[in-house]
Amino acid sequence: MPVIDVTEADFEAQVLERSRELPVVVDFWAEWCGPCKQLGPALEAAARAREGEVVLAKLETDQNQRLAQAFDIRGIPAVKAFRDGRVVDEFVGAVPPATVEQFFDSLLPSEADALVAEGGEENLRRALELEPARADAALALARLLAERGEREQALELLANVAGDFQAEGLAARLRLAGDERLREPLAALDRGDTAAALDGLLSALPAAGDSREDVRRLIVGELDRLGVEDPLARETRRRLAAALY
């Protein structure tokens, strides 16, 4: 069903959990609200036109006041889009149907998204043609190039990606190749032993000399890959801060 009614009882399952599979747009509305009745048909039409790609969940605020308070609803209609259990976009007020259509379209995967998800060199190159600043496409393609020994091409590709920790980490890894001081931790990294690799890189950091910044970038890139909640990442982040400061 592209349009569903939700309450406090099923909000977690129907909105938060469901949004891990596809975007869920929540319409916070009330019976007495004229602008809500004006906006509602446009939201429902947009959802039905994208059936199977997005769900519209309608929540009556007067009957679900705790949820309205939890999401800081101060004026209605209020519309919030959820993906992976969190709000990713929102607006307030009865906007025109064309704006509603654009809002829904922004939640759907782009052509580049689909290409990156499918993977493969041809798809990744096409994704970068469509969206040159996509760090995920550049990173995946650079990994493919590095695996077949095209180090300079991979570095050139990564140089176009600014501010992505994993991309900077991979570039650092490529520059550090052949450094005998880092032979063991780099070998551990290549065989997937992240704990041993990070321990070795941290131990090598104080005496890394001119390579110190690249060693730091490599560590930070691996921490980003692990994620903020990973126990190894938390402990390594603490040790890294102590080593640097």
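Residue numbers (this note's numbering): 1135 to 1379. Beta carbons are placed, not taken as given, at the ideal position from N, Cα and C, and that holds for glycine. Here the structure is a predicted model, which means the values were calculated and not measured.
For residue i, which residues from the same chain have a beta carbon less than 8 angstroms from its beta carbon, with the 5 sequence-adjacent residues on both sides left out?
{"i": "L1310", "result": "L1316, L1320, S1345, D1348, V1349 and L1352"}
{"i": "D1223", "result": "K1214, A1215, F1237, S1240 and L1241"}
{"i": "A1341", "result": "R1315"}
Given residue i, which residues of its chain have a CB within under 7 angstroms of its CB, disregarding the five upstream and five downstream residues?
{"i": "A1329", "result": "L1366"}
{"i": "R1260", "result": "L1249"}
{"i": "E1245", "result": "L1264"}
Give me whichever residues DSSP pairs with residue i in a beta bridge.
{"i": "V1137", "result": "L1190"}
{"i": "A1215", "result": "V1159 and D1223"}
With 16 as the cutoff for other CB atoms within 10 Å, does residue i come out buried or exposed?
{"i": "L1304", "result": "buried"}
{"i": "G1355", "result": "buried"}
{"i": "L1381", "result": "With the chain running from 1135 to 1379 in the structure shown, residue 1381 is simply not present."}
{"i": "Q1172", "result": "exposed"}
{"i": "G1168", "result": "exposed"}
{"i": "A1181", "result": "buried"}
{"i": "V1221", "result": "exposed"}
{"i": "P1175", "result": "exposed"}
{"i": "R1200", "result": "exposed"}
{"i": "D1161", "result": "buried"}
Only counting the same chain, and skipping five residues up and downstream in sequence, which positions put a Cβ closer than 6 angstroms to that of residue i?
{"i": "L1279", "result": "Q1287 and A1288"}
{"i": "L1150", "result": "G1219"}
{"i": "A1331", "result": "P1319, A1322 and L1323"}
Go to residue i, then tell me how far its alpha helix (DSSP H) extends in each direction, as first and last residue.
{"i": "N1257", "result": "E1255 to L1264"}
{"i": "C1170", "result": "G1168 to A1183"}
{"i": "G1209", "result": "Neither: G1209 is in no alpha helix (DSSP H) and is coded neither H nor E."}
{"i": "S1240", "result": "P1231 to L1241"}
{"i": "S1337", "result": "T1328 to A1338"}
{"i": "E1290", "result": "R1285 to L1292"}
{"i": "E1165", "result": "Where E1165 is concerned, there is no enclosing alpha helix (DSSP H), given that its DSSP letter is neither H nor E."}
{"i": "A1280", "result": "A1269 to E1281"}
query = Hey, is the stretch 1185-1192 in contact with the stretch 1227-1234, meaning 3+ C-beta pairs nearer than 8 angstroms?
reply = Result no; under three Cβ-Cβ pairs closer than 8 angstroms.
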